[in-house]
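J.: Numbering (this note's numbering), first residue to last: 872 to 1143.
Here a beta-carbon is modelled for each residue, glycine too, at the ideal position from N, C-alpha and C.
It should be emphasised that the depicted structure is a prediction, and the values quoted were computed from it without experimental measurement.
Right, I'll just put the structure down here and ask away after.
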């Protein structure tokens, strides 16, 4: 008898934890589906097909995503301030979801069996402008806050020490841990926020909490997806950003397909 009571209590507690975001009372949370552990690889395959079907538009956005890190790299070289490369990489990952709005629009047009165009995709951010720019502001504030934290960590480094790996590894470790925390937070709030705002007339709080709830309910599949994104970004950096011409559009399209599969709708969605 007592064992049944304990099991019922544990089940209730687990349900409360899973529904903590949905029952927060802050905003409406759109229900999410339960994903297969390796669902992200299907999204990637669909993203590759979208790239092939819209090579010009995809390459246009891919070049933009390539020029941004190149600009960061040249800025670091010009300033001779190499420790800033780590927060700069985090900044690139912070603003990436916002800049991908045009790519989401391309995948959406394919879903509606329309031919995507560059002009149409560039107008994507105007559909829910107030909340979309609000989301951009949130990302910008997080980026600025991270830069300030990174500056404080750098200020702790004694100026009289040579910048050898033995001397700087504690600061690199601390910066990596703090940076990982920021990236995790941004991943939670941005995994599906931009696609939601692009397609639906909802407020920013609803979109953010829906994204957080979807990630929280699908921890393992989304962890694998986060690792895929992280590896893709790493691959882009080790190829001196050239790989971003293909990687970033494919990730953008894959994110849209992930949104279709994860965030529930009244009508059944189809992959194309």
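Since residue 1107 contacts residue 1114 with CB under 8 Å, what's their CB separation in whole angstroms?
T.: At roughly 5 Å, the Cβ-Cβ gap stays under 8 Å, so residue 1107 and residue 1114 are in contact.
J.: What residues match up with residue 903 in a beta bridge as DSSP calls it?
T.: Residue 903 pairs with 1134.
J.: Grab me the residues of residue 814's own chain with a C-beta within less than 6 Å of its C-beta, minus the 5 sequence neighbours each way, in chain order.
T.: The structure shown does not extend to residue 814, since the chain spans only 872 to 1143, so no value can be given for it.
J.: Would the segment 1127 to 1134 and the segment 897 to 909 be scored as touching if the rule is three or more Cβ pairs under 8 Å?
T.: Flag = yes, the segment 1127 to 1134 and the segment 897 to 909 touch.
J.: Go to residue 996, then tell me how far its alpha helix (DSSP H) extends in each direction, as first and last residue.
T.: Unbroken run through residue 996: none, as it is neither H nor E.
J.: Taking all protein chains shown into account, do 16 or more other C-beta atoms lie within 10 angstroms of the C-beta of residue 899, making it buried, or fewer, making it exposed?
T.: Residue 899 is exposed by the Cβ-count criterion.
J.: Which of the three DSSP states, helix, strand or coil, is assigned to residue 1145?
T.: Beyond the ends of the chain as shown, which are 872 and 1143, falls residue 1145; an answer cannot be given.
J.: Looking at the unbroken alpha helix (DSSP H) that takes in residue 1088, where does it start and where does it end?
T.: Element bounds for residue 1088: 1075 to 1088.
J.: Looking only at its chain, what residues have a beta carbon closer than 7 Å to the beta carbon of residue 921, apart from the 5 residues adjacent to it on each side?
T.: Around residue 921: 977, 978, 981, 1124.
J.: With three or more beta-carbon pairs closer than 8 Å as the criterion, would you say the segment 921 to 932 touches the segment 1081 to 1100?
T.: Result no; under three Cβ-Cβ pairs closer than 8 Å.
J.: According to DSSP, is residue 983 helix, strand or coil?
T.: The answer is coil: DSSP assigns residue 983 none of H, G, I, E or B.
J.: Looking only at its own chain, which residues have a Cβ that is under 7 Å from the Cβ of residue 1116, when we skip the five neighbours before and after it?
T.: Contacts found: 930, 933, 934, 937.
J.: So, helix, strand or coil for residue 949, using DSSP?
T.: Residue 949 falls in the helix class under three-state DSSP.
J.: Could you have a look at residue 1026 and say whether DSSP puts it in helix, strand or coil?
T.: Helix, per DSSP.
J.: Residue 1083 and residue 1059 look like a contact to me (Cβ under 8 Å); what is the Cβ gap, rounded to whole Å?
T.: About 5 Å separates the two Cβ atoms, so the contact holds.
J.: Please confirm whether residue 1134 and residue 1039 have their CB atoms less than 8 Å apart.
T.: No. Outside cutoff.
J.: Do you know offhand how far residue 1075's Cα is from residue 940's?
T.: C-alpha separation (whole angstroms): 28 Å.
J.: Taking only three categories from DSSP, how would you classify residue 1042?
T.: Residue 1042: helix per DSSP, three-state reduction.
J.: Taking the alpha-carbon positions, what's the residue 1000 to residue 948 distance?
T.: Approximately 36 Å, taken between the alpha carbons.
J.: State the start and end residues of the unbroken alpha helix (DSSP H) segment that holds residue 1139.
T.: Taken as a continuous stretch (DSSP letters only), residue 1139 belongs to no alpha helix (DSSP H), as it is neither H nor E.
J.: For residue 1024, which of 1006, 1014, 1043 has the nearest alpha-carbon?
T.: Residue 1043 is the option with its Cα nearest to residue 1024.
J.: Which value, in whole angstroms, describes the spacing of the CA atoms of residue 916 and residue 1062?
T.: Going from the Cα of residue 916 to the Cα of residue 1062 covers about 18 Å.
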